[in-house]
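One structure is given below, encoded as structure tokens.
In this note's numbering, the protein residues as written are 45 to 120.
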């Protein structure tokens, strides 16, 4: 199974990196701060790739992360 090039920009620690993930993955762990990020598609098409060769983006926290759930409760 081929891995997909992913653009990771961690909102927690600011780490930016290019990572490679399996097509079935829905989350990615930042290797600097160990926080879990949500993997979303570049486009509506799961097979789409942008002009830089990225197929996935990891810019947002994973919603089932305990810290995120606590923050959501605070801001309700």
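Quick reminder that beta carbons are idealized off the backbone N, C-alpha and C, glycines included.
What you are looking at is a predicted structure, and each value in this text was computed from that prediction instead of being measured.
Boundaries for residue 48: no alpha helix (DSSP H) harbours it, while the beta strand (DSSP E) harbouring it runs 48–53, taken from the DSSP string. Across the set 48, 47, 102, the C-alpha of 102 shows the shortest separation from the C-alpha of residue 80. Per DSSP, the beta-bridge partners of residue 64 are 49.
With the rule of 3 Cβ pairs closer than 8 Å, the region 85–94 does not count as touching the region 53–61. Residue 67 and residue 100 have their C-alpha atoms roughly 9 Å apart.
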